[in-house]
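When the first sequence is numbered by numbering that gives the first Met the number 0, its final residue is 562 and no position is left out of the sequence of numbers. Cβ coordinates follow ideal geometry from the N, Cα and C atoms, glycine included.
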Amino acid sequence: MDYKQIVADAVSSVVDGKVSTNDIYAKIEKPKTSANGDISFPAFILSKELHKSPQVIAQEIVDNINGESFEKVVAAGPYVNFFLDKGKVSHQVIETVLTEEEHFGDNHQGEDRVVTIDMSSPNIAKPMSMGHLRSTVIGNSIAKILTKNGYKPIKDNHLGDWGTQFGKLITAYLKWGSEEDVKRDPIHYLVQYYIRFHKEDEIHPEYDEEAREWFKKLEDGDPEAVHLWKWFREVSLEAFNQTYKKLGVEFDTYNGESFYNEKLQDVVDTLKKDELLEKSQGASVVDLSDENLNPALILKTDGASLYVTRDIATAIYRDETYHPVMNLYVVGSEQTYYFKQLKAVLKKMGLDSAAGLHHIPFGLITVNGKKLSTRHGNIVLLNEVLDESVKMAKQQIVEKNPDLKDKDRVAEEVGVGAIVFGDLKNSRIDSIDFNLQEQLKFEGETGPYVQYAHARAQSILRKAKSDYINSDNYALTNEDAWEVIKLIQAFPEIVKRANAEFEPSVVAKYSLKLAKAFNKYYAHTKILVEDDELNARLALVKSVSIILKESLRLLGVKAPNEM
RNA sequence: GUCGCAGUAGCCCAGUUGGAUAGAGCAACGGUCUUCUAAACCGUAGGUCGAGCGUUCGAGUCGCUCCUGCGACACCA
């Protein structure tokens, strides 16, 4: 039921067609405070057309309106404020949610079209840091939001499993490595070797030469090089998968850079054939001056390929394999310019994916204002943060709910939920100066706050004796309940907006608002009282619980029934 | 230097396509658990929305100029 449309029609009939219903509809807004009604119409825009002051017009609308759909309609200066019929609307909203359950808010805008999402993309032999968390959880949430909007997302973990760093790693391993150590704690030791390499090559520049040779061997299929590379890749993936399991994230494909390696020559050939490639300072570039961009470097002076080449191969492969309507890259904002170049090159090549390419940037994570760097050992390990948070959650559970069964599972859901929610709560583009203490807070605007509201709702439902599903009247008029109802009613719009903006924070912010409104209602109204409205109250609690759980699901956060 | 992003309460952030007195959370102070989980609720205090012009009936929101911070600017990804 579109109440804005009802208002637009009502206003339109009063102004006698001098302003179109669509124009009126577009101007209708939601007042910031409920004191000003549920929907309001600013009469300013009619002022010119009708040659009257907005105050007079507002009063005329009130005098002539057909107010049967509303509790009341009042003029407040230049505004006309509409108060909806709370009982009628609450009944209708709750009934819809209880019927559709977790599918409330689903839409078919995507028409089953495929969207590829390039996300997470950790580098082999390097630990996942908080930076990878962002790409992973943002991509994961966007995938869920896309699905709710009728799209078919394909989550592709574009692993960093190729490149000159493997020459360095092999060199370092052969110099200082130990097989047992790597088997015991692969990432930890591989990183140690990598860091040591970068320390020592400052004194021993010849190490760089060795590394180059090993990478060359790897490219040429030398058995020892390939064996080590495969091994590093395998143990790294195992370690990554443990983290992904904790986060509850799964991928459709793991086509890393090595996967596209053999397709690079085709890319270069195609570029040559299309006469897009030109020499510049010894390197091969695609000129993009007509797009007002710097040239894209395709091949280095020594003829070696670069990441653009691989990304072009990736785009071609995805076009051919999935025919996606959109091609998303969840990658840090520092690469914005690069993605403009990539898009421009794809466009010149006439590839389908050019139009649908969207870079989904997110802000940089720093520690004490400094950029993270594996090389310099300046990293915040994702696993450690998650473990710490789970530990903290466990502690709180032991304190606050000692009788809870399944403490460890719930601690996992709450602890991980806090970190994931904390990352998704703010606009993607905001940069974050990481602070562990800040991340481990479970009070106020946090994931656990929303989870807690859901758990309390569940708790009430467990204790309820009556069978509210049989109720045919969900009318509520209580003010606190009304705020909750209005938020529930807004959920489908939230789902659409989050999708249009590729912005999980829209859902996170919404879930906080709903949880807050519900907590307020819960604090002031006793639900389990035997009276005429009991069924309606329980139905509302059930609806809230459904929407909170669904909101958290869209963010990739679990909603335990008890905590 | 050029381009991009950002600047809202002590801190961290909301603020839909311009609309009514700029809102939360944290931190501070005070109150609420024999009653549906106090990870909660209620209250107090806290602001020249970076600065200045402009467009408009109306600007945190749009335009221009400037200031500050971060990022990017070909042989890393």
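Counting the other CB atoms within 10 Å of its CB gives Arg183 a total below 16, which places it among the exposed residues.
In summary, Thr320 is exposed, with fewer than 16 beta-carbon neighbours lying within 10 Å of its beta-carbon over all protein chains present. By the beta-carbon neighbour count (other beta carbons within 10 angstroms, threshold 16), Ser510 is buried.
The alpha-carbon of Glu70 is positioned some 10 angstroms away from that of Gly86. Per DSSP, the unbroken alpha helix (DSSP H) holding Val415 starts and ends at 406-423.
Here the C-alpha atom of Asn293 lies approximately 27 angstroms from the C-alpha atom of Gly255. The closest CA to that of Gly104, considering only Phe420, Lys541, Ile493, Gln395, is found on Ile493. Residue pairing by DSSP puts Phe82 in a beta bridge opposite Lys71. DSSP places Tyr188 in no beta strand (DSSP E) but in the uninterrupted alpha helix (DSSP H) bounded by 185-199. Our two residues, Glu249 and Asp200, have alpha carbons roughly 38 angstroms apart in a direct line. Cα atoms of Ile44 and Lys17: separation of roughly 11 angstroms, rounded to the nearest angstrom. Taking the C-beta atoms as reference points, Arg461 is found nearer than 9 angstroms to Asn560. Closest in alpha carbon position to Gly159, among Val14, Lys29, Glu233, is Glu233.
Under the DSSP assignment, Val113 falls in the beta strand (DSSP E) whose first and last residues are 113-118.
Scanning its chain for C-beta atoms nearer than 6 angstroms, with the 5 sequence neighbours on each side dropped, one finds around Pro30 the residues Gly36, Ser39, in chain order.
Counted as a single uninterrupted DSSP element, the alpha helix (DSSP H) harbouring Asn382 occupies residues 381-399. When rounded, the separation of the alpha-carbon atoms in Val506 and Leu554 is 7 angstroms. Assignment of beta strand (DSSP E) within the segment 20-52, counting only whole runs of 3 or more residues, yields 38-41 in chain order. The beta-carbon separation of Gln394 and Gly416, rounded to 15 angstroms, does not stay under the 8 angstroms limit for a contact.
The continuous stretches of beta strand (DSSP E) do not include Ala353, which lies in the alpha helix (DSSP H) extending over residues 352-355. Of the candidates His357, Asp265, Pro323, Asp265 places its Cα closest to the Cα of Ala312. Within the segment 85-149, the complete alpha helix (DSSP H) runs of at least 4 residues fall at 85-99, 129-147. Note that the C-beta distance between Asn63 and Val13 is below 9 angstroms. Residue ranges of uninterrupted beta strand (DSSP E) with 3 or more members, entirely inside the segment 271-341 and ordered along the chain, are 276-279, 282-285, 295-298, 325-329. Under a 10 Å Cβ-count criterion, Asp273 is classified as exposed, with fewer than 16 other Cβ atoms of the shown protein chains found around its own Cβ. Each of Asn106, Thr115, Gly166 was checked against the Cα of Ile123, and the nearest Cα belongs to Gly166.
Contact check between the segment 119-139 and the segment 185-198: three or more CB pairs, one atom from each, fall below 8 angstroms, which counts as touching.
As computed with DSSP, Asp155 is found in a beta bridge with Asp117, Thr252. Asp432 sits in a strand when the DSSP states are folded into three classes.
By the criterion of a C-beta distance shorter than 6 angstroms, Gly414 is surrounded in its chain by Ser388, Val389, Ala392, once the five residues flanking it on both sides are discounted. In terms of Cα proximity to Gly76, the closest of Ala42, Tyr520, Glu28, His50 is Ala42. When DSSP reads this structure, Lys370 sits in a beta bridge with Thr365.
Just so you know, the alpha carbons of Gln4 and Ser68 end up roughly 12 angstroms apart.
Taking a C-beta distance under 9 angstroms as the contact criterion, Leu371 and Leu356 do not qualify as a contact pair. Straight-line measurement puts the Cα of Pro447 at about 24 angstroms from the Cα of Val96.
For Asp207, the enclosing alpha helix (DSSP H) begins and ends at 205-218.
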